[in-house]
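The structure under discussion appears below in the form of structure tokens.
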DNA sequence: TATGAATGAGAATTCATTCAT
DNA sequence: GATGAATGAATTCTCATTCAT
């Protein structure tokens with residue numbers, strides 16, 4: 096009896112997060128009432144607060160969960176032989192996620208909320224740091240293997256890959272003609288040219 | 096004497112937009128009360144509605160104004176000799192705007208709102224279409240002059256430049272370590288490699 | 096120059112009253128904003144207050160005007176030979192007015208407002224007293240001429256004729272099937288039986 | 096124990112309706128704020144909206160309730176032997192209700208609101224149709240029993256009885272001297288003469 | 001007179017959260 | 001844990017009225 100409870104609790108908690116994700120994506124965080132989430136889960140309006148102390152914590156938990164998912168995914172990438180290819184495959188996945196309007200909206204929503212609530216900013220920042228650090232590690236190792244341009248500053252390169260990921264999610268919201276499915280090739284050209292070892296390394300020094 | 100009235104009206108309207116911009120950037124659109132905006136302008140709480148029929152129209156007007164500013168700026172770019180350089184200069188400007196936290200937050204906020212309110216989405220979409228079309232025109236002309244890789248699909252290329260711009264604004268919100276000022280060089284490397292005429296054109300077909 | 100002003104003023108005042116009548120009939124007194132009335136007259140929102148000190152006075156003036164119109168009309172009735180017929184003709188007119196939805200709505204609106212605002216109640220009460228007094232006079236004279244049942248209490252009889260008039264206006268609002276045009280005959284039966292000299296006077300004492 | 100909840104809910108709902116009735120009668124529907132009603136019930140300002148989705152629904156519910164009460168009362172009338180007397184007794188009741196200033200005001204208020212809000216008009220219209228249909232049924236049966244004038248169009252007759260009822264409530268608002276208690280006798284004369292089987296049927300054809 | 005900007009007190013909801021059951 | 005009634009502050013928007021021009 097006592098053993099089932101924690102499982103049930105976790106399942107219920109997850110159900111809340113899933114419902115909230117959908118609601119937040121559709122209407123935005125502050126446009127969604129806790130009552131709406133409760134209705135979506137099939138829960139009484141007060142009961143939600145047995146699982147989360149307040150609304151902000153729901154977003155916080157969603158952010159944390161996304162961070163965990165990304166990290167888990169990245170762990171599978173390191174084992175690959177061609178890390179450049181691994182990165183491009185990861186970006187393919189991003190494009191696939193972006194094709195899910197809910198996911199894109201949510202990503203934007205979270206970024207926007209990070210701009211306001213410092214507590215969320217901290218959690219989002221942690222995820223982002225981990226993502227960039229993973230990207231940087233991947234790129235550094237790729238460079239070591241001759242699969243990436245070793246002359247790049249890998250922290251900066253990772254930052255711009257991350258910017259590109261953010262940009263993809265923005266596109267979905269902002270550009271009705273943007274179909275992630277059709278953009279895999281151009282994405283590969285863009286990142287390929289940016290990251291591959293350069294025949295003429297002089298271009299690297301073109302900056303400023 | 097009679098001429099002053101419309102001017103006053105326009106000035107007051109603009110003051111509202113400016114105050115709203117700041118408020119929205121700081122707290123988000125739906126977190127900002129119309130009363131706060133009024134207080135920021137130094138206006139009684141009801142008076143704002145002599146200038147805008149409702150809150151959504153304030154955001155709408157801000158969006159429209161940003162669109163006009165961008166368009167105006169782009170008109171100056173076409174006259175340049177080196178269009179590739181012109182584009183990079185434009186991106187420098189974007190990085191400078193992004194360094195203004197208010198501007199970045201607002202950009203994100205608008206994108207997020209576009210994901211919810213179709214009326215805003217339409218106005219944002221129009222701006223975005225114009226930006227991409229201007230970018231595409233610039234790139235096409237650059238290619239014709241041998242300043243850009245003519246093998247690229249220019250619509251797609253413009254789309255990814257736009258994604259990068261969006262991404263830059265997201266970075267500011269999401270990545271505390273991101274300092275736009277320090278990223279001009281890497282941005283130039285990234286875009287340079289993507290857009291320049293390629294020595295080895297075969298890389299273009301690397302897709303899928 | 097100075098002579099034209101009072102005429103213009105009166106015309107403008109009347110225009111306001113006419114517009115207000117329409118607005119009040121359509122949306123109700125408290126649902127109509129002064130701005131709406133101004134728009135209907137083609138007048139700036141502040142200007143109305145040069146003609147009426149406040150909104151209540153507009154209703155008050157409408158009430159007074161209706162009273163004057165009724166009184167004027169009644170003066171023409173007294174000259175008739177058959178006063179019973181004169182009364183029925185008056186009721187025909189009431190039915191015709193009731194066919195005008197605006198007039199009916201307004202009548203109801205005024206009655207309702209009298210139930211709330213004592214100042215309006217006083218003005219409405221004065222009109223009503225005059226109407227009942229005119230009716231009573233008419234009935235008394237009719238009785239004297241053998242055209243009405245002399246055994247009736249003419250004050251009470253007048254009161255019930257007035258109630259019937261009120262009731263007609265209510266019908267229009269409340270009963271979608273009520274078409275005043277079709278009710279002239281039944282009205283005449285009803286009032287005829289009530290007011291005519293009775294063959295069998297014993298029925299009069301049937302009460303209580 | 097579980098059964099108490101719905102009862103409590105219904106009781107609270109009824110308390111709101113009762114308070115609202117009083118407030119609406121005193122100040123009019125649109126002059127009464129929801130906060131006032133809440134205060135009258137002893138309820139926090141937001142709590143009312145757990146019981147009614149909006150203010151209009153409160154009026155709607157009051158209208159429906161009045162309809163039910165009238166219908167319930169009418170069911171008791173049909174069993175009577177003398178239906179003419181039954182009708183007059185019903186009218187006595189109307190006069191007694193009219194003596195309650197709150198009831199009269201409310202009746203007027205509802206009629207006025209029906210002139211504006213179609214949703215209310217529909218509900219009021221339904222009640223009115225039922226009342227007239229009940230009256231018509233009563234009159235038809237009375238005629239069949241020789242207790243009413245069979246030559247009357249019973250639908251029209253019912254309509255005019257209804258008009259008289261409306262008129263009574265208007266009187267209270269409009270005529271300060273009108274005391275329903277003193278008008279039972281005259282009402283009985285009026286309706287008696289209108290509805291009773293006529294000695295001289297020729298009067299019926301007096302119309303137009 | 002006429003204009004329309006300005007005021008500021010409300011209005012009806014809404015909503016996160018609490019709490020008795 | 002679960003329910004849903006209750007709270008009360010906050011929100012957007014309205015409106016009669018004033019007043020400088």
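Protein chains in written order, with my numbering: chain Z, 96 to 303; chain R, 96 to 303; chain E, 96 to 303; chain C, 96 to 303.
Don't be surprised by glycine CBs; every beta carbon is placed ideally from N, CA and C.
Exercise for the section: State yes or no: is the C-beta of residue 216 (chain Z) within less than 7 Å of the C-beta of residue 209 (chain Z)? Expected result: yes
Handout entry: Secondary structure of residue 175 (chain E), DSSP reduced to three states
Key = coil
Practice task
Report all residues from its chain with a CB closer than 7 Å to the CB of residue 231 (chain C); omit the five preceding and five following residues, and keep chain order.
Solution key: 249, 250, 253
Practice task
Counting only the same chain and skipping the five closest in sequence on each side, list residues whose C-beta sits under 7 Å from that of residue 172 (chain C).
Solution key: Short of 7 Å from the beta carbon of residue 172 (chain C), and not among the five residues preceding or following it, lie these beta carbons of its own chain, in chain order: 181, 185, 233.
Problem - Cβ-based burial, residue 179 (chain C) [other Cβ within 10 Å; buried from 16] - result: buried
Problem - 8 Å CB neighbourhood of residue 116 (chain R) in its chain, flanking five on each side removed - result: So the qualifying residues of the chain are 157, 197, 201.
Handout entry: Completely contained alpha helix (DSSP H) runs for the segment 104 to 177 of chain E, where each covers 4 or more residues
Key = 129 to 136, 150 to 172
Problem - Where residue 231 (chain E) falls: helix, strand or coil (DSSP) - result: helix
Problem - Contact set for residue 155 (chain R): own chain, Cβ-Cβ below 6 Å, skip 5 residues either direction - result: 218
Handout entry: Residue-level contact to chain C via CB, residue 175 (chain E), 7 Å cutoff
Key = no
Exercise for the section: Report back the beta-carbon spacing between residue 125 (chain Z) and residue 123 (chain R) to the nearest angstrom; my notes put them in contact at under 8 Å. Expected result: 7 Å
Problem - Span separating the alpha-carbon of residue 228 (chain Z) from that of residue 102 (chain R) - result: Going from the Cα of residue 228 (chain Z) to the Cα of residue 102 (chain R) covers about 53 Å.
Handout entry: residue 241 (chain E): first and last residue of the uninterrupted alpha helix (DSSP H) it sits in
Key = Where residue 241 (chain E) is concerned, there is no enclosing alpha helix (DSSP H), given that its DSSP letter is neither H nor E.
Problem - Distance between residue 199 (chain C) and residue 120 (chain C) (C-alpha atoms, nearest Å) - result: Straight-line Cα distance between these residues: approximately 8 Å.
Problem - Cutoff 7 Å: residue 265 (chain R) Cβ touching any chain Z Cβ - result: True, the Cβ-Cβ gap to chain Z drops below 7 Å.
Handout entry: residue 183 (chain C) vs residue 283 (chain C) beta-carbon contact at 7 Å
Key = yes
Problem - Candidates R:134, R:258, R:207, R:245, of which the one nearest residue 226 (chain R) by Cα - result: R:258
Exercise for the section: Give me the Cα-Cα distance between residue 263 (chain C) and residue 110 (chain C), rounded to the nearest whole angstrom. Expected result: 28 Å
Practice task
Check whether the Cβ atoms of residue 245 (chain C) and residue 237 (chain C) sit closer than 7 Å, and answer yes or no.
Solution key: no
Problem - Backbone CA spacing between residue 304 (chain Z) and residue 177 (chain Z) [nearest angstrom] - result: Residue 304 (chain Z) lies beyond the residue range present for chain Z, which begins at 96 and ends at 303; the question has no answer from this structure.
Exercise for the section: Write down every uninterrupted run of the alpha helix (DSSP H) in the segment 185 to 221 of chain R whose length is 4 residues or greater and which is fully enclosed by it, in chain order. Expected result: 196 to 209, all fully within the segment 185 to 221 of chain R.
Practice task
Taking residue 294 (chain E) as part of the alpha helix (DSSP H), name the residues at either end of that continuous run.
Solution key: Premise fails: residue 294 (chain E) is in no alpha helix (DSSP H) and is neither H nor E.
Practice task
For residue 306 (chain Z), name the three-state secondary structure that DSSP assigns.
Solution key: Chain Z is shown only over 96 to 303; residue 306 (chain Z) falls outside these bounds and no answer can be derived.
Handout entry: Where residue 281 (chain C) meets chain E, residues with beta-carbon distance less than 9 Å
Key = Chain E residues near residue 281 (chain C): 247, 248, 251, 252, 254, 255, 302.
Handout entry: Among C:214, C:271, C:135, C:221, the one whose alpha carbon lies nearest that of residue 222 (chain E)
Key = The residue from C:214, C:271, C:135, C:221 with its alpha-carbon nearest to that of residue 222 (chain E) is C:271.
Exercise for the section: Return no unless some Cβ of chain C is closer than 7 Å to the Cβ of residue 243 (chain E). Expected result: So, not an interface residue.
Practice task
Residues of the segment 150 to 184 of chain R with a CB closer than 8 Å to any CB of chain Z: list them in chain order, please.
Solution key: none
Handout entry: Pairwise C-alpha distance: residue 191 (chain E) and residue 130 (chain C)
Key = Spanning the two alpha carbons is a distance of roughly 42 Å.
Exercise for the section: Determine whether the Cβ of residue 203 (chain R) lies closer than 7 Å to any Cβ atom of chain Z. Expected result: Nearest CB-CB separation between residue 203 (chain R) and chain Z: below the 7 Å threshold.
Exercise for the section: Check residue 272 (chain E) in the structure and name its three-state DSSP category. Expected result: Coil at residue 272 (chain E), not helix or strand.
Problem - Three-state secondary structure assigned by DSSP to residue 248 (chain E) - result: coil
Handout entry: Residues of its chain near residue 286 (chain Z), where Cβ-Cβ distance is below 8 Å and the 5 sequence neighbours each way are ignored
Key = Excluding sequence positions up to five before and after residue 286 (chain Z), its CB lies within less than 8 Å of the CB of 182, 183, 186, 256, 259, all in the same chain and listed in chain order.
Exercise for the section: With 7 Å as the threshold, decide whether the Cβ of residue 296 (chain E) is near any Cβ in chain C. Expected result: Residue placement at residue 296 (chain E) is flagged as unreliable, the pLDDT there being 48, under the threshold of 50; the coordinate-derived value follows with that caveat. No, no contact with chain C.
Practice task
With a cut-off of 8 Å on the beta carbons, I'd call residue 212 (chain E) and residue 160 (chain E) a contact; round off their distance for me.
Solution key: The C-beta distance from residue 212 (chain E) to residue 160 (chain E) rounds to 17 Å, too long to meet the 8 Å contact threshold.
Exercise for the section: Note down, in chain order, every chain C residue with its Cβ under 7 Å from the Cβ of residue 237 (chain E). Expected result: Those do not exist, as residue 237 (chain E) stays about 16 Å from chain C at its closest Cβ, beyond 7 Å.
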